[in-house]
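Residue numbers (my numbering): 24 to 142. Built from N, CA and C at the ideal position, the CB exists for glycine as well.
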């Protein structure tokens with residue numbers, strides 16, 4: 024369905040990569056009052072695979088709070104970004120499979136950005 028496996032959170036955003044073979048769905052709560060510190064996720068399906076299961080994404084990327092927006096890089100089909108309700112920007116390189124760092128988290132530390140990140 025529209026809820027992330029194990030999170031019980033509705034789909035809030037989706038994006039296709041520039042090749043049209045990856046679909047990313049961000050899950051987030053829309054009825055948040057105040058701060059959001061409950062984890063959520065981004066699910067990614069590779070639609071070029073022969074067998075696709077709607078309830079089993081190829082990647083399930085954990086996030087520290089509700090995802091409000093997702094977007095792929097316009098020229099690099101494996102680079103995915105997500106914005107959270109808590110003001111964080113998360114960036115993943117889905118092409119990394121050699122044990123190298125796969126994600127970068129840009130936090131809101133100090134007096135920085137504190138509003139939700141939407142497109």
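Identity of the residues DSSP links to residue 95 by a beta bridge: 103
Close-in-space but distant-in-sequence residues of the same chain around residue 72 (CB under 8 Å, 5 per side omitted): 81
Counted within 10 angstroms of its Cβ, other Cβ atoms place residue 31 as buried (16 or more) or exposed: exposed
Cβ-based neighbour list, residue 38, same chain, cut-off 7 Å, excluding 5 preceding and 5 following: 47, 93, 94 and 95
Beta-carbon proximity of residue 49 to residue 90, cut-off 8 Å: yes
Distance between beta carbons of residue 67 and residue 113, contact taken as under 8 Å: In fact, because the Cβ distance is near 13 Å, the residues do not count as touching under 8 Å.
Through-space distance from residue 52 to residue 62, alpha-carbon basis: 10 Å
Contact set for residue 105: own chain, Cβ-Cβ below 6 Å, skip 5 residues either direction: 49, 65, 90, 93 and 113
DSSP state of residue 64 mapped onto helix, strand, coil: strand
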